[in-house]
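Peer 1:
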Amino acid sequence: MIKKIITLAVTALVIIACKQTPKEKLTETTTLKKNKMKKINFKSEGLNLVGNLYYPPNFEEGKQYPAIVCSGSWTTVKEQMAGLYAKNFAKDGFITLAFDFRNYGESEGLPRAWENPEMKIEDIKNAVIYLQSLPEVAKDKIGAFGVCAGSMYTLMAASEDKNIKAVATTASWLHDSEAVKLFYGGEEGVQNKIKQAQEAKNKYAKTGEFTYIKTISTTDETAAMFGEYDYYLNPKRGAIPQWSADKFAVATWEDWLTLDPFPSAKNLKKPLLMIHSNGCVLPDYTKKYFETVPSENKELVWVETDLTSPIHQFMFYDQKKEVDFAVKKTSDFFHANL
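Numbering (my numbering), first residue to last: 1 to 338.
Here it is, written out as structure tokens:
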């Protein structure tokens with residue numbers, strides 16, 4: 001009951017804090033004819049979300065195209081892996097959307113950098129509703145794609161939303177209560193982080209003050225990601241100005257560590273493609289989810305690699321060999337199933 005009260009209070013403050021932002025009109029970053037991308041806005045639970053909409057190079061006004069919503073890993077923004085895949089899928093004939101989830105990037109939402117799975121799942125559903133509102137999108141031909149933790153949210157959204165006709169993942173991060181212990185200090189470490197999150201939420205509900213830690217660090221062990229993760233540390237890869245390495249809402253831990261996507265698998269009765277490898281994170285968990293899905297139209301593509309887990313995971317974020325492979329497999333899948 002206490003948790004519910006705190007959650008309701010936090011949600012109320014989020015809505016109140018963001019209502020003062022005026023509604024933005026649909027604007028193009030350049031002429032659509034030139035680079036086939038425009039910046040867009042849509043609503044999710046009353047908040048304004050900002051995205052980049054990509055068009056095929058042969059786009060023609062008056063025609064309708066299949067569409068794909070693309071989601072990246074936790075804490076990331078639309079200019080990282082979600083945008084990279086969206087651009088590439090557009091080249092293969094799709095209208096694609098990469099957007100900033102609530103609390104991230106150019107989108108509204110407080111606390112900032114609050115990784116809230118429930119909100120992200122709803123944001124994906126609302127992104128689909130937005131795509132359905134576009135005259136150039138074939139409303140019954142919308143798919144969803146996710147990378148890493150974006151896969152987890154995407155699978156859960158697809159299991160609930162009949163408007164998502166097919167779903168694909170690459171280097172999926174899928175965890176349960178046992179898996180999180182492997183990454184976050186065992187049972188004691190997990191419970192400590194959950195307690196920190198509850199205290200942060202309580203503080204926010206009472207005072208409106210946010211509690212943050214670093215997103216990634218090679219020296220600060222309290223960071224959300226502690227270690228030499230080149231993708232998030234390298235400015236030529238994921239350490240871009242639009243993404244914050246210094247801000248991770250401590251409130252995240254409770255929502256993140258208690259999430260279990262596996263019950264959703266039994267409800268996924270639509271076309272499914274999953275791309276993974278032994279060098280990606282938690283390979284047995286991806287196999288387990290795939291095997292539980294009742295859909296008769298499903299494919300698990302296992303990539304051969306000499307890289308140990310989780311090194312290969314990061315290759316699928318932005319490295320040409322892995323991205324090109326995933327894009328080709330996934331584009332073929334969506335062409336066949338949308």
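Cβ atoms here follow ideal geometry from the backbone N, Cα and C, with glycine treated the same way.
Rounding to the nearest angstrom, what Cα-Cα distance links V69 and Y317 in this structure?
Peer 2: Rounded to the nearest angstrom, the two C-alpha atoms are 16 Å apart.
Peer 1: Can you tell me the Cα-Cα spacing of K269 and N278, whole angstroms?
Peer 2: Roughly 26 Å separates the two Cα atoms.
Peer 1: Cα separation between K141 and P66?
Peer 2: Those two C-alpha atoms are separated by around 5 Å.
Peer 1: Can you check DSSP and say which residues form a bridge with F248?
Peer 2: F248 pairs with I213.
Peer 1: Taking E60 as the reference, give the member of K36, C148 and V50 with the closest Cα.
Peer 2: Ranking the options by Cα distance to E60, first place goes to K36.
Peer 1: Between the C-alpha atoms of N195 and E254, what's the straight-line distance to the nearest angstrom?
Peer 2: Here residue 195 turns out to be Lys, not Asn, going by the sequence shown. Cα-Cα distance, rounded: 8 Å.
Peer 1: Helix, strand or coil for K328, going by three-state DSSP, please let me know.
Peer 2: Here K328 sits in helix by DSSP.
Peer 1: Output the boundary residues of the alpha helix (DSSP H) element that contains V190.
Peer 2: Start and end: G186 to T207.
Peer 1: Runs of 3 residues minimum, wholly inside the stretch 78–145: which ones carry the beta strand (DSSP E) assignment?
Peer 2: The qualifying runs are 95–99.
Peer 1: Does DSSP classify T170 as helix, strand or coil?
Peer 2: Note: T170 maps to strand in three-state DSSP.
Peer 1: With 16 as the cutoff for other CB atoms within 10 Å, does H312 come out buried or exposed?
Peer 2: When all chains shown are included, H312 counts as buried.
Peer 1: For the ligand ADP, any of its heavy atoms closer than 7 Å to the Cβ of I40?
Peer 2: Looking at this structure, you won't find the ligand ADP or any other ligand, since it has none at all.
Peer 1: Can you name the start and end residues of the beta strand (DSSP E) that S277 belongs to?
Peer 2: Note, S277: beta strand (DSSP E), L272 to S277.
Peer 1: If contact is defined by three or more beta carbon pairs under 8 Å, each pair taking one atom from either stretch, is the stretch 148–166 in contact with the stretch 114–125?
Peer 2: Verdict: yes, contact present.
Peer 1: Closer than 7 Å by C-beta to L26: which residues in its own chain qualify, once you throw out the five before and the five after it? Chain order, please.
Peer 2: Residue placement at L26 cannot be trusted, given a pLDDT of 31 that sits under 50; what the coordinates show is reported in the next sentence. Cβ within range, chain order: I40 and N41.
Peer 1: Cβ atoms of F333 and L273: under 8 Å apart, would you say?
Peer 2: The answer is yes: Cβ separation under 8 Å.
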